[in-house]
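Q:
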Amino acid sequence: MKAVIEELEQRRANARLGGGQKRIDAQHTRGKLTARERIDLLMDEGSFEEYDMYVEHRCVEFGMEKTKISGDGVVTGWGTINGRTVYVFAKDFTVFGGSLSETHAKKITKIQDMALKNRAPIVGLFDAGGARIQEGVDALGGYGEVFQRNVMASGVIPQISVIMGPCAGGDVYSPAMTDFIFMVRSTSYMFVTGPDVVKAVTNETVTAEELGGAKVHTSKSSVADRAYENDVEVLLQIRRLMDFLPSNNKAGVPVLPTRDSADRLDYSLDTLVPDNANTPYDMRELIAKVSDEGDFFEIQDDFAKNIVIGFARMEGHTVGVVANQPMVLAGVLDSDASRKAARFVRFCDCFEIPIVTFVDVPGFLPGTAQEYGGLIKHGAKLLFAFAEATVPKVTVITRKAYGGAYDVMSSKHIRGDVNYAWPSAEIAVMGAKGAVEIIYRSELGDPEKIAERIKEYERRFANPFVAAERGYIDEVILPRNTRTRVCRALNMLRNKTLENPWKKHDNIPL
Ligand code: HXC
1198 MKAVIEELEQ RRANARLGGG QKRIDAQHTR GKLTARERID LLMDEGSFEE YDMYVEHRCV
1258 EFGMEKTKIS GDGVVTGWGT INGRTVYVFA KDFTVFGGSL SETHAKKITK IQDMALKNRA
1318 PIVGLFDAGG ARIQEGVDAL GGYGEVFQRN VMASGVIPQI SVIMGPCAGG DVYSPAMTDF
1378 IFMVRSTSYM FVTGPDVVKA VTNETVTAEE LGGAKVHTSK SSVADRAYEN DVEVLLQIRR
1438 LMDFLPSNNK AGVPVLPTRD SADRLDYSLD TLVPDNANTP YDMRELIAKV SDEGDFFEIQ
1498 DDFAKNIVIG FARMEGHTVG VVANQPMVLA GVLDSDASRK AARFVRFCDC FEIPIVTFVD
1558 VPGFLPGTAQ EYGGLIKHGA KLLFAFAEAT VPKVTVITRK AYGGAYDVMS SKHIRGDVNY
1618 AWPSAEIAVM GAKGAVEIIY RSELGDPEKI AERIKEYERR FANPFVAAER GYIDEVILPR
1678 NTRTRVCRAL NMLRNKTLEN PWKKHDNIPL
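Residue numbers (the working numbering): 1198 to 1707.
1. Measure the alpha-carbon distance for Asp1498 versus Asn1446 and round it to whole angstroms.
2. Considering only their Cβ atoms, is the gap separating Pro1523 from Arg1596 smaller than 9 Å?
3. When you compare each of Val1285, Thr1231, Gln1207, Pro1563 to Ile1354 by their alpha carbons, which one comes out closest?
4. The beta strand (DSSP E) that contains Met1380, what's its start and end?
5. Quick check on Phe1508: buried or exposed, where buried means 16 or more other Cβ atoms within 10 Å of its Cβ?
6. Can you list, in chain order, the stretches of the beta strand (DSSP E) that have 3 or more residues and sit fully within the region 1202-1284?
7. Taking only runs of the beta strand (DSSP E) that begin and end inside the region 1513-1541, which ones reach a length of at least 3 residues, in chain order?
8. Is the closest heavy atom of ligand 1 to the C-beta of Arg1346 under 8 Å?
9. Per the DSSP calculation, Asn1616 is bridged to which residue(s)?
10. What residues in its chain sit with their C-beta under 7 Å from that of Ala1534, if we drop five residues either side in the sequence?
11. For Arg1437, I'd like the list of residues in its chain whose CB is within less than 7 Å of its CB, leaving aside the five on either flank, ordered along the chain.
12. In three-state DSSP terms, what is Ser1351?
13. Indicate whether Ser1385 and Gly1362 have their beta-carbon atoms separated by less than 9 Å.
14. Among Gly1409, Asp1324, Ile1506, which residue has its Cα nearest to the Cα of Arg1227?
15. When you compare each of Thr1375, Asp1479, Ala1648 to Arg1540 by their alpha carbons, which one comes out closest?
16. Are the region 1293-1300 and the region 1263-1278 in contact at 8 Å, needing three or more beta carbon pairs?
17. Just to confirm, does Gly1260 get its C-beta within under 8 Å of one of the non-hydrogen atoms of ligand 1?
18. Here's the rule: buried if 16 or more other CB atoms are within 10 angstroms of the residue's CB, otherwise exposed. What is Glu1623?
19. Kindly indicate the opening and closing residues of the beta strand (DSSP E) around Thr1554.
20. Kindly give me the distance between the Cβ atoms of Ile1266 and Val1292, rounded to whole angstroms, as I take these residues to be in contact under 8 Å.
21. Over what stretch of residues does the alpha helix (DSSP H) that includes Ile1435 continue unbroken?
22. Would the C-beta of Ile1278 count as close to ligand 1, meaning under 8 Å from any of its heavy atoms?
23. Going by DSSP, what residues sit across from Ala1312 in a beta bridge?
24. Would Ala1287 pass as a contact of Leu1337 if the rule is Cβ separation under 9 Å?
25. Leaving out the 5 sequence neighbours to the left and right, which residues in its chain are closer than 8 Å to Arg1461 when beta-carbon positions are compared?
26. Candidates Met1387, Ser1351, Arg1382, Phe1379: which alpha carbon is nearest Asp1368's?
27. Flag Asp1269 as yes when its Cβ comes closer than 8 Å to any non-hydrogen atom of ligand 1, and as no otherwise.
28. Using 8 Å as the cut-off, classify the Cβ of Asp1422 as near or not near the heavy atoms of ligand 1, replying yes or no.
29. Under the rule that 16 or more other beta-carbon atoms within 10 Å means buried, what is Ile1670, buried or exposed?
30. One question on the structure: do Ser1418 and Lys1537 come within less than 9 Å of each other, judged by their Cβ atoms?
31. Measure the beta-carbon distance from Val1413 to Val1683 and round it to whole angstroms, keeping in mind my assumption that it falls under 8 Å.
32. In the DSSP output, what is Ala1755 paired with across the bridge?
33. Would the region 1600-1620 and the region 1478-1486 be scored as touching if the rule is three or more Cβ pairs under 8 Å?
34. Do you know offhand how far Phe1441's Cα is from Val1452's?
35. Quick check on Ala1598: does DSSP put it in helix, strand or coil?
36. Look at the alpha carbon of Asp1335 and the alpha carbon of Ile1236, and state the distance between them as a whole number of angstroms.
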């Protein structure tokens, strides 16, 4: 028995060495951790159980039968994050560059199947060179199997991807179908085809960083949701994110103990909105002041900054926050902001996370750039997402709610459950000046008359009461009471039951 146990230990030790000490050292020199070091940081200490560490590839092409490495370039298994079960696979760049073979894919799909069957989240850590070139169609088939499982798990269990090195070719599409993508600055990049292929096909000279670095994907393409400085920081943030997420679409949101009372008033909110309607203020301040302990996990903080999205807690329960940001483009809705928020609203709805919406929106952004870019379709995505959502929806209008954007931002008319407004709210078809210039066009030559008309329009519409008189606003609340009122509303809605008509699936304007 002793000999067998020794052999087991020897095999395990070999497998844990992956592609060997030299390649591990090279990984460290680049500022990257190894697959197992990453998993150790991500999971609760000692909780990770590895599967399939002895799996080897079966390729006999290009002399591959002579080079077999236990584990075949990916470390898979499960463990816990703050006590809750999470499945994980981590590409091992020290083994064939983390490239995907038939057997490597089988290891991943086994874990995907377990995660779905047992209804627990799955995290993929990517650091790889795409399809194992020596394997050809076996590798392509392997990717297809992974992709299919991504789709089946979508909306059932949270799927998170972390890009921690190269991520090219087939490797990019699996993350793209997961719920969130995080990147590491300077050491990670994602693209379908790399700089060499780009040069050959388009004659464009570009570096890997310029083509698909963290900056590009968090601020331009919006492929990635956030970027962090290094491996340690990103993994710790994933642990933090997991605490906000339910384990699956039926589990309900996690509830964390909090000392922050729902009755906490914040008098500083009474002066948050400036007297001048055109002066910006930071909507993040409101979010921080109403959330438990000011804790807010922002998603896509570097993209379409005119809308803010992310997770917070109210009385310990996770909520998704969607908020116009008056600091950027006056909080206007454009194509990027609409797409960004629509996807987030749908994530929340999939996983039964209540949505709290803070509104200060002057409308949709006019102009040819927006119209040619499909603003109608993109704006409709957000409208569609809010309208189809059946989770509790609580809305607070702090200032402007103009035009179509009023309807879109979780208004009463698209099944907002509780709709509050601050006394500073202005709910109207458009701003006073624009409105008067249209309806009193014949008086435009008389500035005094126009000024009088603007004042009259403001008196009539620049307030929350016209909407409140019609029941479109349930109550006009004092800003200082916002946390209390939102917490009470969410509590009241805890057992909300609302079903959309049966359908195979909807046809959201993609
Ligand atoms: C087999 C690979 C590999 C691959 C890297 N390696 N990529 N082995 N298949 N796809 C191996 C290398 O041979 C090397 O082995 C080790 O991994 C490290 O690679 P290096 O090139 O030395 O590292 P580095 O300079 O850091 O460059 C990393 C890299 C580069 C940028 C990822 O290796 C690269 O460009 N690889 C090819 C990327 C690619 O085109 N993949 C195919 C995409 S097509 P040794 O033994 O020396 O350590 C695809 C189609 C799928 O994925 C579509 C499905 C929808």
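We put the beta carbon where it would ideally sit given N, CA and C, even for glycine.
Only a predicted model underlies this, so the values are computations on that prediction, with no experimental measurement involved.
A: This is what the structure holds:
1. Numbered from its first residue, the sequence shown carries residue 1498 at position 301. Numbered from its first residue, the sequence shown carries residue 1446 at position 249. Cα to Cα, Asp1498 sits roughly 25 Å from Asn1446.
2. The residue you call residue 1596 lines up with position 399 of the sequence shown. The residue you call residue 1523 lines up with position 326 of the sequence shown. Yes, the Cβ-Cβ distance between Arg1596 and Pro1523 is below 9 Å.
3. Within the sequence shown, the letter at position 157 stands for residue 1354. Nearest C-alpha to Ile1354: Val1285.
4. On the sequence shown, residue 1380 is found 183 positions in, with the first residue counted as 1. Element bounds for Met1380: 1377-1381.
5. Taking the sequence shown and counting its residues from 1, one reaches residue 1508 at position 311. Phe1508 should be labelled buried.
6. 1246-1248, 1271-1278
7. Every beta strand (DSSP E) of 3 residues or more that sits fully in the region 1513-1541 is shown, in chain order, as 1514-1521.
8. Within the sequence shown, the letter at position 149 stands for residue 1346. No, since every heavy atom of ligand 1 falls outside the 8 Å radius drawn around the Cβ of Arg1346.
9. Here the question's residue 1616 lines up with position 419 in the sequence shown. The partner list for Asn1616 (beta bridge, DSSP) reads Thr1592.
10. On the sequence shown, position 337 is the one that residue 1534 refers to. Same-chain partners within the cutoff: Ala1501, Asn1503, Ile1504.
11. Reading the sequence shown from its first residue, position 240 is the one you call residue 1437. If we look at Arg1437 and ignore the five residues flanking it on each side, its Cβ neighbours are Phe1494.
12. Indexing the sequence shown from 1 puts residue 1351 at position 154. In the structure shown, Ser1351 sits in coil (DSSP, three-state: anything other than H, G, I, E or B).
13. Counting from 1 along the sequence shown, the entry for residue 1385 is found at position 188. Counting from 1 along the sequence shown, the entry for residue 1362 is found at position 165. In this structure, Gly1362 lies closer than 9 Å to Ser1385 by Cβ.
14. Sequence index remark: in the sequence shown, residue 1227 carries index 30 (1-based). Nearest C-alpha to Arg1227: Asp1324.
15. Position 343 of the sequence shown, counting from 1, holds the residue named residue 1540. Closest in C-alpha terms to Arg1540, from the list Thr1375, Asp1479, Ala1648, comes Thr1375.
16. yes
17. Within the sequence shown, the letter at position 63 stands for residue 1260. Because no heavy atom of ligand 1 lies under 8 Å away, the Cβ of Gly1260 does not count as near it: no.
18. As a first step, residue 1623 is located in the sequence shown; it is residue number 426 there, counting from the start. By the 10 Å Cβ count, Glu1623 comes out buried.
19. Position 357 of the sequence shown, counted from the start, is the residue given in the question as residue 1554. First-last of the beta strand (DSSP E) with Thr1554: 1552-1558.
20. On the sequence shown, position 69 is the one that residue 1266 refers to. On the sequence shown, position 95 is the one that residue 1292 refers to. 5 Å between Cβ atoms; contact.
21. Here residue 1435 corresponds to residue number 238 of the sequence shown, with the count starting at 1. Unbroken alpha helix (DSSP H) run through Ile1435: 1428-1439.
22. Locating residue 1278 in the sequence shown gives position 81, counting from the first residue. Not so, every heavy atom of ligand 1 lies at least 8 Å from the Cβ.
23. Indexing the sequence shown from 1 puts residue 1312 at position 115. Bridge partners of Ala1312: none, in fact.
24. Working through the sequence shown from its first residue, we reach residue 1287 at position 90. Working through the sequence shown from its first residue, we reach residue 1337 at position 140. Not in contact: Ala1287 and Leu1337 (Cβ atoms no closer than 9 Å).
25. The count along the sequence shown starts at 1 and reaches residue 1461 at position 264. Answer for Arg1461: Arg1680, Thr1681, listed in chain order.
26. The residue given as residue 1368 occupies position 171 in the sequence shown. Closest option to Asp1368, Cα to Cα, is Met1387.
27. Counted from its first residue, the sequence shown places residue 1269 at position 72. Every heavy atom of ligand 1 is 8 Å or more from the Cβ of Asp1269, so no.
28. Locating residue 1422 in the sequence shown gives position 225, counting from the first residue. No; taking the cut-off as 8 Å, the Cβ of Asp1422 has no heavy atom of ligand 1 nearer than that.
29. Position 473 of the sequence shown holds residue 1670. Buried, by the Cβ-count rule.
30. Taking the sequence shown and counting its residues from 1, one reaches residue 1418 at position 221. Taking the sequence shown and counting its residues from 1, one reaches residue 1537 at position 340. Going by C-beta atoms, Ser1418 is not nearer than 9 Å to Lys1537.
31. Along the sequence shown, read from residue 1 onward, the residue named residue 1413 stands at position 216. Along the sequence shown, read from residue 1 onward, the residue named residue 1683 stands at position 486. Contact flag wrong, Cβ pair sits at about 36 Å.
32. Only positions 1198 to 1707 of the chain appear in the structure, and residue 1755 is not among them; the question remains open.
33. no
34. Within the sequence shown, numbered from 1, the residue matching residue 1441 stands at position 244. Within the sequence shown, numbered from 1, the residue matching residue 1452 stands at position 255. Those two C-alpha atoms are separated by around 9 Å.
35. In the sequence shown, counting from the first residue as 1, residue 1598 sits at position 401. Strand.
36. For this step, residue 1335 is matched to residue 138 along the sequence shown. For this step, residue 1236 is matched to residue 39 along the sequence shown. The straight-line gap from Cα to Cα measures roughly 27 Å.
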